[in-house]
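Notes to accompany the following structure.
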Amino acid sequence: MPLLRPPVPALRPFVAQLWASGDPVDAAGASPWREHALPSGAMHLVVRLTDRVLRIADPFQHGSAQAVVPSLVGGMRSRYYVRELAGPSCSVGAVLRPGAAQCLFGVGADALAERHTSLEDLWGLAARELRERLLSQRRPEDRLAVFEAELAARLPRVHGLHPAVAQALAQFPAGASVAEVVRQGGVSHRRFIELFRRSVGLAPKTFLRVLRFQRALPALRAGQPLAAVAVDLGYSDQSHFSREFLAFSGVTPLAYRLQHGTEMNHLPMKAG
């Protein structure tokens, strides 16, 4: 089981959770597998500490599979992608909040969206040095402490969220519409879209669709009827729910229920 914990208070406006998984030695001998990585509504920073190959592919672009570098930023996604893993990996990572991209990487979240970006492209040699320091630590707790210290050291670059974006992120989970938060935000609709994309990585309406998709996952895992899930989440009907779910995950809601794995946003793919 991975080690999960919240960050120190100074990092919490930008980092939702820290985690460390696996061990470089224990990850040495296991079978490869493929999975759909589902859009989670968050960005991720990951430093992989094993040399096993990880390939990612856009299922909508033929021949797009490519091996990824050990240290990377996973940008906000509006649809699933395919992960091909040669075996378990030891890694350290963080789930990032809106606004973290500008703070930690010096770029807007929209510049990182829908793709993986090498951490070396953003941090230069410091990314490689961080990985070397993490490799020198044997315990997951110690690796997390080193990782957390590196993130905290970058806080002097802090750029807070624009108030209109912060207000939207606070109100969207309660059901507020884009039009409502724009009226209250004191900026034009076009300016709000621009600010939101730069901070979050997706347009507001797309982000809301991802949030609704995310709320469907635990309901499906709990065995709730598909029609009830569709109604509860405000889809126009079950067909609308199924189309949206398929677009985000690559499978139907029923297929997800039948074949989901231990992690909500990682869907194992059947061989062949």
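Numbered per my numbering, the sequence shown spans residues 223 to 494.
Note that the Cβ used here is the ideal one computed from N, Cα and C, for glycine as well.
Going by C-alpha positions, S410 is about 20 angstroms away from G382. Out of G297, A308, H462 and P281, the CA that lies nearest to the CA of V275 is found in A308.
Cβ neighbours of A316 within its own chain (closer than 6 angstroms, five residues either side excluded): V237, L240 and L267. Unbroken alpha helix (DSSP H) runs of no fewer than 4 residues, entirely contained in the segment 443-472, are found at 448-454 and 460-471, following chain order. Taking 8 angstroms as the upper bound for CB-CB distance, V400 and Q389 are not in contact here, some 12 angstroms apart. With contacts defined as CB atoms closer than 8 angstroms, V290 and H258 fail to qualify as a contacting pair. In the three-state scheme derived from DSSP, where H, G and I count as helix and E and B as strand, P228 is classed as coil. Between the segment 447-458 and the segment 225-235 there are fewer than three C-beta pairs closer than 8 angstroms, too few to call the two in contact. When D454, D459, H462 and L442 are compared, the shortest CA-CA separation from M486 is found for L442. For R277, the enclosing beta strand (DSSP E) starts and ends at L276 to A279. In this structure, L366 sits away from V269, with a CB-CB distance that is not shorter than 8 angstroms. When secondary structure is reduced to three states using DSSP, L271 falls in the coil class, being assigned neither helix nor strand. Minimum Cα-Cα distance from S293 among the listed residues P261, D332 and L344 corresponds to L344. Residue nearest to F394 within the set R431, G483, S461 and P362 is R431 (criterion: CA-CA distance). Per DSSP, reduced to three states, the secondary structure at H488 is strand. In the structure shown, Y303 adopts extended strand secondary structure according to DSSP, grouped into three states. A buried status is given to Q324, since no fewer than 16 other beta-carbon atoms sit within 10 Å of its beta-carbon. Rounded to the nearest whole angstrom, the CA to CA distance from A279 to F467 is 19 angstroms. Membership of H258 in the beta strand (DSSP E) is indicated by the continuous run W255 to A259.
For D454, the number of other beta carbons within 10 angstroms of its own is below 16, and it is reported as exposed.
Straight-line measurement puts the Cα of G330 at about 15 angstroms from the Cα of P426.
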